[in-house]
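Each remark here refers to the structure printed beneath this line.
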Amino acid sequence: MAGNRTFTMIKPDAVKAGHIGNILQKINEGGFRIVAMKYTRLTPEAAGQFYAVHKERPFYQELVDFMSSGPIVAAILEKDNAVEDFRKLIGATNPAEAEPGTIRALYATSIGENAVHGADSDENAAIEGDFHFAKTERF
Ligand code: UDP
Ligand code: MG
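Numbering (this note's numbering), first residue to last: 23 to 161.
Right under this line is the structure:
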């Protein structure tokens, strides 16, 4: 049976710092299969839509500016228990609180510029994957 799926982005800070390869290696070593992947850049409008759930939070504008500041890598990943296991692999939102060895502990620089996104539920993983990928872009 196919495993279930999560959605991730390598954020502009990690792309700029040259960490795409290292982060993809962690994803591979974590046992995730890449279903879809693209190198792209969010417009401010698209970043605003993607993070609309955070509209009322004080960091929303900063988040939208940051996420549209440069290219990202977006991907759908497959593994049993994908959402929960990927959140474990990336670590806490604030890198200062992230477990040693997690992607955020290794590559994030602050609570805002924290290297990677990981969906927080199966439902949001599906919504976020649909936001970035057509059915024909999934393998
Ligand atoms: N964020 C921020 N300041 C905060 C909390 C979050 O800039 O105090 C940013 C950060 O980039 C984070 C994103 O907003 O990854 C979404 O926040 P969420 O609470 O959903 O964290 P995540 O699910 O990414 O761990
Ligand atoms: Mg979140």
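We treat Cβ as the ideally placed atom computed from N, Cα and C, and that holds for glycine.
| Check | Outcome |
| --- | --- |
| Helix, strand or coil: how does DSSP classify Thr-30 here? | strand |
| Quick check: the segment 85-99 against the segment 33-42, are at least 3 beta-carbon pairs closer than 8 Å? | yes |
| Just list the beta strand (DSSP E) runs in the segment 28-77, keeping only unbroken ones of 3 residues or longer that don't cross its boundaries, in chain order. | 55-62 |
| Rounded to the nearest angstrom, how far is the Cβ of Ala-104 from that of Arg-27, given a contact under 8 Å? | 5 Å |
| Look up Glu-84 in the DSSP assignment and say whether it is helix, strand or coil. | helix |
| Counting pairs of beta carbons, one from the segment 120-132 and one from the segment 37-53, are three or more of them closer than 8 Å? | yes |
| If you measure from the CB of Asp-144, is any heavy atom of the ligand MG nearer than 7 Å? | no |
| Can you grab the Cα-Cα spacing for the pair Ser-143 / Pro-80, in whole Å? | 23 Å |
| Just verifying my parser: in three-state terms, what is the DSSP assignment at Glu-150? | helix |
| To the nearest angstrom, report how far apart Asp-152 and Glu-119 are at their CA atoms. | 31 Å |
| Residue ranges of each alpha helix (DSSP H) run of no fewer than 4 residues wholly in the segment 106-158, ordered along the chain? | 125-129, 144-154 |
| Using CA atoms only, rank isn't needed, just tell me which of Asp-107, His-41, Tyr-61 is closest to Ala-147. | Asp-107 |
| Quick check: what's the CA-CA separation for Tyr-129 versus Lys-101? | 23 Å |
| Which same chain residues end up closer than 6 Å to Phe-29 when comparing Cβ atoms and leaving out the 5 residues on each side of it in sequence? | Ile-98, Ala-141, Ala-147, Glu-150, Gly-151 |
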